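Structure first, commentary second.
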Amino acid sequence: MSTTATAIGVSPKRGVWGGGNEPLKASYGKLMMWFFLLSDIFTFAAFLITYASIRVSYPAYAGPADQFVGSNEYWPVPEMVFDAIPFTHSVHPPLAFVGLMTFILIMSSVTMVLAVEAGHRNDRNDVTKWLLWTLLGGITFLSCQAWEWTHFIHGTHGGSLITYVNKLGQVVTETVHGANLSVNEYGPAAFAQLFFFITGFHGFHVTIGVFLLFLAFYQSAVGVYERRGHYEMVEKIGLYWHFVDLVWVFVFTFFYLI
55 MSTTATAIGV SPKRGVWGGG NEPLKASYGK LMMWFFLLSD IFTFAAFLIT
105 YASIRVSYPA YAGPADQFVG SNEYWPVPEM VFDAIPFTHS VHPPLAFVGL
155 MTFILIMSSV TMVLAVEAGH RNDRNDVTKW LLWTLLGGIT FLSCQAWEWT
205 HFIHGTHGGS LITYVNKLGQ VVTETVHGAN LSVNEYGPAA FAQLFFFITG
255 FHGFHVTIGV FLLFLAFYQS AVGVYERRGH YEMVEKIGLY WHFVDLVWVF
305 VFTFFYLI
């Protein structure tokens, strides 16, 4: 009886499951992180599919890109909407600032890989160093996104002449500056709504990631992981951070390129 119980993973003394082989040789913590990320994949996929379905329901702008003006009749041209760079007014390279944000986030994923690799070597100094660079990359990305939101909300100097239905149910045609959830100078209201929701939801994930990175950086710096004898927490946070970076690639593709 004892041999049979042991074979099926049941403790002969307690009569309960005593565990067994780790699935795919992953610890409980990493396995649960994979389950969470899998559920989050479905969430982001649903949002992006929703964006794509609404996007194709509107016609594309048919004129020259450099002559684009906002209208509720067609979907905006992303490279003409997101063409601003902080502290410049006369230079408008399409998607340059968003491209820089994307590069920063991808590079933070590289430094995260280096932190995990250093953890495998139990190198406390290298883990701390690369976590700090990853943390700075995440904070920089969030700062860039905050500026982009601010610019999107305030809009351009000239604005656009938009016809829309106001809160009183009246059809109004007026010059609109910037964007909110009801009307925006760039095009249909759904464009701004999706922008705020999807990029905001991703930014929320990045904010959580920055908090986790700070926690890991602090615990590494004071030697918590060194005393434990392993850096598994850094690996788990790394999985989350790589997921956040990968999702941004899809958000960037869907929202800024299509």
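Quick note on numbering: the working numbering labels position 170 of the sequence shown as 224, and the sequence is numbered without any gaps.
From the three backbone atoms N, C-alpha and C, an ideal C-beta is built for every residue, glycine too.
As the structure is a prediction and not an experimental result, all values here were calculated from the model.
query, result
"Under the three-state DSSP convention, the category Y285 falls into", "coil"
"Proximal residues to M166 (C-beta, below 6 Å), its chain only, five neighbours per side dropped", "T188, G292 and W295"
"Buried/exposed call for F206, threshold 16 Cβ in 10 Å", "buried"
"Which listed residue (G232, C198, A138 and F249) has its alpha carbon closest to that of S214", "G232"
"Backbone CA spacing between W184 and F268 [nearest angstrom]", "12 Å"
"Whether P132 touches F250 by CB criterion (8 Å)", "no"
"Identity of the residue in G117, Q199 and I160 nearest I139 by Cα", "Q199"
"Reduced DSSP secondary structure (H/G/I, E/B, other) of L235", "coil"
"Beta-carbon spacing of V181, G191 below 8 Å", "no"
"Status (buried if at least 16 other CB within 10 Å, exposed otherwise) for M155", "buried"
"Beta-carbon proximity check, K290 vs G83, cutoff 8 Å", "yes"
"Assigned exposure category for Q273 - 16 Cβ within 10 Å defines buried", "buried"
"Whole-angstrom distance between S163 and V264, CA atom to CA atom", "12 Å"
"Element boundaries [alpha helix (DSSP H), containing E133]", "P132 to V135"
"Separation of I216 from V226, as counted between CA atoms", "8 Å"
"Run of the beta strand (DSSP E) containing L185, from where it starts to where it stops", "Per DSSP, L185 belongs to no beta strand (DSSP E); it is in the alpha helix (DSSP H), R178 to H208."
"Per-residue DSSP class, three states only, for G254", "helix"
"Alpha-carbon spacing of S107 relative to D299, whole angstroms", "24 Å"
"Run of the alpha helix (DSSP H) containing S162, from where it starts to where it stops", "A150 to H174"
"Classification of G212 by the beta-carbon crowding that lies within 10 angstroms, buried from 16 upward", "exposed"
"Candidates Y279, F136, M161 and N126, of which the one nearest A150 by Cα", "F136"
"Inter-residue spacing [alpha-carbon to alpha-carbon] between P113 and G241", "11 Å"
"Per-residue burial, M87 [other beta carbons within 10 Å of its own, 16 or more giving buried]", "buried"
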